[in-house]
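Peer 1: A single structure is presented below for examination.
There are 2 protein chains.
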Amino acid sequence: MRCEVVAIGTELLLGQIVDTNSSWIGEQLAIAGIDSLFQTKVGDNMDRMVATLELALSRSDAVICCGGLGPTQDDITKEAIAKVMGVDLELDDELAARIELMFSSRGRRMPMNNLRQAEVPVGATAIRDPQPGTAPGLICPVTWNGEEKVLYAVPGVPREMQELVLAAIVPDLQRRSGDVSTIFSRTLRTWGESESGLAERLAGRIAVLDGSGNPTLAYNASGIEGIKLRLTAKGADEASAEALVAEEEREIRAILGDLVFGVDDETIEASVLKELRAAGERLGLGRPLTLGLAESLTGGMMGSRVADVPGASDVFRGSIVSYASQVKFDVLDVPEGPVVSLEAASAMAVGAREVLGADVGVAVTGVAGPDEQEGHPAGTVFVAIDLGPLSGEAGPEAFHVPLFGDRLQIRQFTVITAMNALRLKLLGSARDPDPFGSDG
Amino acid sequence: MRCEVVAIGTELLLGQIVDTNSSWIGEQLAIAGIDSLFQTKVGDNMDRMVATLELALSRSDAVICCGGLGPTQDDITKEAIAKVMGVDLELDDELAARIELMFSSRGRRMPMNNLRQAEVPVGATAIRDPQPGTAPGLICPVTWNGEEKVLYAVPGVPREMQELVLAAIVPDLQRRSGDVSTIFSRTLRTWGESESGLAERLAGRIAVLDGSGNPTLAYNASGIEGIKLRLTAKGADEASAEALVAEEEREIRAILGDLVFGVDDETIEASVLKELRAAGERLGLGRPLTLGLAESLTGGMMGSRVADVPGASDVFRGSIVSYASQVKFDVLDVPEGPVVSLEAASAMAVGAREVLGADVGVAVTGVAGPDEQEGHPAGTVFVAIDLGPLSGEAGPEAFHVPLFGDRLQIRQFTVITAMNALRLKLLGSARDPDPFGSDG
């Protein structure tokens, strides 16, 4: 089964909008085991759209057209599809009634050209989006050189497109391909090991998976988001596919341990908040451990990322962004002296905890570049964690981490390294918090 | 002159990487007045690459191939181009020497397959990147159905691709199209007026420009980056094109005044830092005015964006991220009471200035959502600016701004609204700092 994607819109060719829809659809097709060999962008031009759709039909079994379904005159995807099918457009009465109801329920008069959205090519089926007022998708069967093929149309708005592709188009493609199985996919997110290092640790599992072919395991190195491992299984129904994934997830987690920090869209900050809540529970406090930050080179990025997690306010107290050295001395009570150092990081962590009234203090200081500072090159970063009274007499722990990249990358890696170090500490992990092998 | 873009790489079809290169190239072609009617993505497969290049040549005068130039076995763009040209590959001795030198100068032995990067199709010209060690681009003239056409190849790494397209490919395309003119383009960045509002203000200029056709003016609404106005002129040489743009820029600035905050890649934070330096100069301080922030709902995002401007350290002291109310009371000396209020914002601005030892304090407090707080819905935001002794007896100024969108958008608009309010204050502007028409 081969399916192409055609993205429609002159604004895509002019670079006014980046076509992320095709990439997303390509990923879903890959997960579902459907080959996708070409993706094309074409402008809002009837002849070129028809030529592009006909070429796609000549080399694939199915084509997904994305965009050009709106109510304005330059939205001509349906007309182009009807031309390829050799049919006319007709009004779908139920769709028309839905659209009229949407306007009247808001007390508005419907502009007549909105009825264009209720027209479908003869022989096509509208996919009704659960959201009223959005453009419906289309399933358009077509006979091409004696073969039964299919054209799909979805709106260009990513959220609407994604709903229709997952709910209707991928299942329809699977049915047509004679594949009655259901796909389930889960991503394990890791931090602290390279792609080749993970492959080495998982060599045994990879051999087993290569043998069975179900589930499958794919890597996706995504820089500051760590390395993602995607497990995908096919089953007779969703429950059995999910069970296969869950079983393999247990095997992989048993090998990787705390290298795995989250699942699917979970960020490392979200995982830290979860561990702070769990630690408060474990200590019998009846509340989460609270977190205070002190930031230098990151300028507030660490706080911003923590605050970005919905519901962070039960844990997150705040952050002292001490960009100027004098602010470190005055507000955080850091002893005067070099500020790119283990000692300064430790004092900042203690200061953050005390000034912000938090249980846990985390601090970062270092050189984002491009210029060096206090004789240290860009990428010299120190991280410290202070648990205050919770650590007994131990006091703050600090470590050096040498980072690489441009100014933004160094700041991003600093945030993730610090958050991961705190996560490991809360888990009681013995793992070195510096994934690059620190000398500090 | 028609030029297509072909992006090469199986990872693009699988959605592992979003193809931003084609969009960027499409934009450059549009600026240069070259039509681009199709963009195609194809995997690392010889037959499909050759078919795609041949189709592109059949309907366009030029084709830019992006990606597949690396040293590994699945990088076969050059082989595919040679096949389309009907020629062999040959070693370019100068390129080979450059690559060997790059390895030897780092004391490393060159793996033999790196020499593949020095091969070019017979009859093609290598475009030498000024950076040693990167893959060269290619200009490959080809006769197609009796017409002289051209294939270009560039690496998929965005920075390398962009250099080669701007320095060699766009000028080569213009020369081939018989267009001896040079293009110059400048973007004016605005904040505080809608797209239709700008169009209304500029109606007179737009009529003049539509009449002359040179320079041209294009809008680009980019959400949190404000609305961009791109001026593009053609001239006999760069100086005359730039002069045309500069002349029109003066006309537009005379109409828009302080709605324009920056040029090209300049952010609103960078513009604020510039104005703080200018104000220090104006006041005869011999140093910039320094800036201290207090943030609640933004969690550190405002500080992070300010610190992201290279060289911010002469101005930026730091930020007190007082996410918890108690931190506002304890660290910033905000009077106990409602924290989503004009009064709390004012006290936070004064506190930030005093605690951080800055000349200017800026504070934001409000509700990012999704839940309401103190009875205020998500999007209720208060901004305050305090100039301390510099304002005489005036004290802090605060205003309410109602914002819309999701949690992230509300936080981003909060940062920009606050930075823009400070910019307007430093400019002595009488403009309302709330672009949406505040009631506060």
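Taken in sequence, the protein lines are chains V and E. Everything in the first sequence is counted per our numbering, starting at 1 for the first residue and increasing by one. Everything in the second sequence is counted per our numbering, starting at 441 for the first residue and increasing by one. Cβ atoms here follow ideal geometry from the backbone N, Cα and C, with glycine treated the same way.
(1) Return helix, strand or coil for Ile25/V, following the three-state DSSP convention.
(2) State the start and end residues of the unbroken beta strand (DSSP E) segment that holds Gln479/E.
(3) What residues are listed by DSSP as bridge partners for Gly366/V?
(4) What is the rounded straight-line gap between the Cα of Arg128/V and the Cα of Gly156/V?
(5) Kindly list, in the order they appear in chain E, the residues whose Cβ is closer than 7 Å to that of Met301/V.
(6) For the alpha helix (DSSP H) that Ala502/E lies in, which residues bound it at each end?
(7) Near Val42/V, what residues of its chain come up, given a Cβ to Cβ distance below 7 Å and the 5 sequence neighbours on each side ignored?
(8) Taking Cβ positions, are Pro136/V and Ala82/V nearer each other than 9 Å?
(9) Tell me the DSSP secondary structure of Asn45/V in three-state form.
(10) Thinking Val807/E and Val780/E are a contact (beta carbons under 8 Å), I'd like their distance in whole angstroms, please.
(11) Do Asp264/V and Arg189/V count as a contact pair if the criterion is CB distance below 9 Å?
(12) Please name the residues in the stretch 759–775 of chain E whose beta-carbon is closer than 9 Å to at least one beta-carbon of chain V, in chain order.
(13) How far does the beta strand (DSSP E) with Leu138/V in it reach, from first residue to last?
(14) Beta-carbon within less than 7 Å of Glu54/V's beta-carbon, same chain only, minus the 5 sequence neighbours each way: which residues are those?
(15) Let me know if Asn220/V comes out buried or exposed under the rule of 16 or more other beta-carbons within 10 Å of its beta-carbon.
(16) Is the shortest distance between the beta-carbon of Glu706/E and the beta-carbons of chain V less than 9 Å?
(17) Where DSSP assigns a beta bridge to Val321/V, which residues make up the other side?
(18) Just mark Ala834/E as buried or exposed, buried being the case when its beta carbon has 16 or more other beta carbons within 10 Å.
(19) Looking only at its chain, what residues have a beta carbon closer than 6 Å to the beta carbon of Gly826/E, apart from the 5 residues adjacent to it on each side?
(20) Count the other C-beta atoms from every protein chain shown that fall within 10 angstroms of the C-beta of Asn145/V, then say buried if there are 16 or more, exposed otherwise.
(21) So, does the stretch 683–701 of chain E touch the stretch 723–740 of chain E, judging by three or more C-beta pairs under 8 Å?
(22) Buried or exposed, going by whether 16 or more other CB atoms sit within 10 Å of the CB of Asp44/V?
(23) In chain V, what lies closer than 9 Å to Pro810/E by C-beta?
(24) Count the CB pairs spanning the stretch 719–739 of chain E and the stretch 304–315 of chain V that are closer than 8 Å, and state whether there are at least three.
(25) Is there at least one Cβ from chain V nearer than 9 Å to Lys523/E's Cβ?
(26) Who are the neighbours of Phe316/V on chain E, taking C-beta pairs under 7 Å?
(27) Apply the 10 Å Cβ neighbour rule to Arg727/E and answer buried if 16 or more other Cβ atoms are within range, or exposed otherwise.
(28) Can you tell me whether Pro775/E is buried or exposed? The criterion is at least 16 other CB atoms within 10 Å of its CB, across all chains shown.
(29) Report, in whole angstroms, the separation of the C-beta atoms of Leu497/E and Lys589/E, which I expect to be a contact under 8 Å.
(30) Identify, in the order they occur along the chain, each residue of the same chain with its Cβ nearer than 8 Å to the Cβ of Ala357/V, setting aside the five sequence neighbours on each side.
(31) Pick from Thr182/V, Glu281/V, Arg253/V: whose alpha carbon is nearest that of Ile31/V?
(32) Name the DSSP bridge partner or partners of Asp35/V?
(33) How about Gly702/E: is its C-beta nearer than 9 Å to some C-beta of chain A?
(34) Using 8 Å as the threshold, is the stretch 209–218 of chain V in touch with the stretch 239–256 of chain V, meaning 3 or more CB pairs across them?
(35) Thinking C-alpha only, which one of Thr267/V, Leu256/V, Thr143/V is nearest Arg201/V?
(36) What number of angstroms, rounded off, separates the C-alpha of Cys505/E from the C-alpha of Gln602/E?
Peer 2: Taking the geometry as given:
(1) Here residue 25/V corresponds to residue number 25 of the first sequence, with the count starting at 1. Of the three classes helix, strand and coil, the one that applies to Ile25/V here is helix, per DSSP.
(2) The residue labelled residue 479/E in the question sits at position 39 within the second sequence. Counting along the chain, the beta strand (DSSP E) containing Gln479/E begins and ends at 478–482.
(3) Locating residue 366/V in the first sequence gives position 366, where the first residue counts as 1. Answer is Val381/V, bridged to Gly366/V.
(4) Here the question's residue 128/V lines up with position 128 in the first sequence. Here the question's residue 156/V lines up with position 156 in the first sequence. Cα to Cα, the separation comes out at about 16 Å.
(5) The residue you call residue 301/V lines up with position 301 of the first sequence. Near Met301/V (Cβ distances below 7 Å), the residues of chain E are Gly740, Ser744.
(6) Taking the first residue of the second sequence as 1, we reach residue 502/E at position 62. Element bounds for Ala502/E: not the alpha helix (DSSP H) but the beta strand (DSSP E), 502–506.
(7) By 1-based counting over the first sequence, the position of residue 42/V is 42. Closer than 7 Å at Cβ, skipping near neighbours: Val6, Ile8, Arg48, Met49, Thr52.
(8) Within the first sequence, numbered from 1, the residue matching residue 136/V stands at position 136. Within the first sequence, numbered from 1, the residue matching residue 82/V stands at position 82. Taking 9 Å as the Cβ cut-off, Pro136/V and Ala82/V do not qualify as a contacting pair.
(9) On the first sequence, residue 45/V is found 45 positions in, with the first residue counted as 1. Here Asn45/V sits in coil by DSSP.
(10) Taking the first residue of the second sequence as position 1, residue 807/E is located at position 367. Taking the first residue of the second sequence as position 1, residue 780/E is located at position 340. That pair is a contact at about 6 Å.
(11) Numbered from its first residue, the first sequence carries residue 189/V at position 189. Numbered from its first residue, the first sequence carries residue 264/V at position 264. Taking 9 Å as the Cβ cut-off, Arg189/V and Asp264/V qualify as a contacting pair.
(12) Ser759, Ile760, Val761, Ser762, Tyr763, Ala764, Gln766, Val767, Lys768, Asp770, Val771
(13) For the purposes of this step, residue 138/V is identified with residue 138 of the first sequence, where counting begins at 1. 137–144 is the extent of the beta strand (DSSP E) around Leu138/V.
(14) As a working mapping, residue 54/V is identified with position 54 in the first sequence. Val84, listed in sequence order.
(15) Taking the first sequence and counting its residues from 1, the one referred to as residue 220/V is at position 220. So Asn220/V ends up on the buried side.
(16) Start at 1 with the first residue of the second sequence, and residue 706/E comes out as number 266. Chain V, which has no Cβ nearer than 9 Å to the Cβ of Glu706/E, makes this no.
(17) Counted from its first residue, the first sequence places residue 321/V at position 321. According to DSSP, Val321/V bridges with Glu295/V, Ser759/E.
(18) Here residue 834/E corresponds to residue number 394 of the second sequence, with the count starting at 1. It counts as exposed.
(19) Taking the first residue of the second sequence as position 1, residue 826/E is located at position 386. Per the sequence presented here, residue 826/E reads as Asp, with Gly not at that position. Excluding sequence neighbours, Asp826/E sits near Ala789, Val790, Arg793, Gly801, Pro836.
(20) Start at 1 with the first residue of the first sequence, and residue 145/V comes out as number 145. Exposed: under 16 other Cβ atoms inside 10 Å.
(21) no
(22) The sequence position of residue 44/V within the first sequence is 44, counting from 1. Per the 10 Å Cβ criterion, buried.
(23) The residue you call residue 810/E lines up with position 370 of the second sequence. Here the neighbours are Pro310.
(24) yes
(25) Against the second sequence, residue 523/E aligns to sequence position 83. No, its Cβ sits nowhere closer than 9 Å to a Cβ of chain V.
(26) Start at 1 with the first residue of the first sequence, and residue 316/V comes out as number 316. The contacting residues are Tyr763.
(27) Counted from its first residue, the second sequence places residue 727/E at position 287. Exposed.
(28) Along the second sequence, one-based indexing puts residue 775/E at 335. Under this definition Pro775/E is an exposed residue.
(29) Counted from its first residue, the second sequence places residue 497/E at position 57. Counted from its first residue, the second sequence places residue 589/E at position 149. About 6 Å; that satisfies the 8 Å criterion.
(30) Counting from 1 along the first sequence, the entry for residue 357/V is found at position 357. It is Gly, not Ala, that sits at residue 357/V in the sequence shown. Excluding residues within five positions, the ones whose Cβ falls inside 8 Å are Thr290, Gly292, Arg317.
(31) By 1-based counting over the first sequence, the position of residue 31/V is 31. Out of Thr182/V, Glu281/V, Arg253/V, Thr182/V has the C-alpha closest to the C-alpha of Ile31/V.
(32) Translated into positions along the first sequence, residue 35/V becomes position 35. DSSP output for Asp35/V lists Arg2/V as bridge partner(s).
(33) Although the question refers to chain A, the structure presented lacks it and instead comprises the protein chains V and E.
(34) yes
(35) In the first sequence, residue 201/V corresponds to position 201, counting from 1. Considering only alpha carbons, the answer is Leu256/V.
(36) As a first step, residue 505/E is located in the second sequence; it is residue number 65 there, counting from the start. As a first step, residue 602/E is located in the second sequence; it is residue number 162 there, counting from the start. Rounded to the nearest angstrom, the two C-alpha atoms are 13 Å apart.
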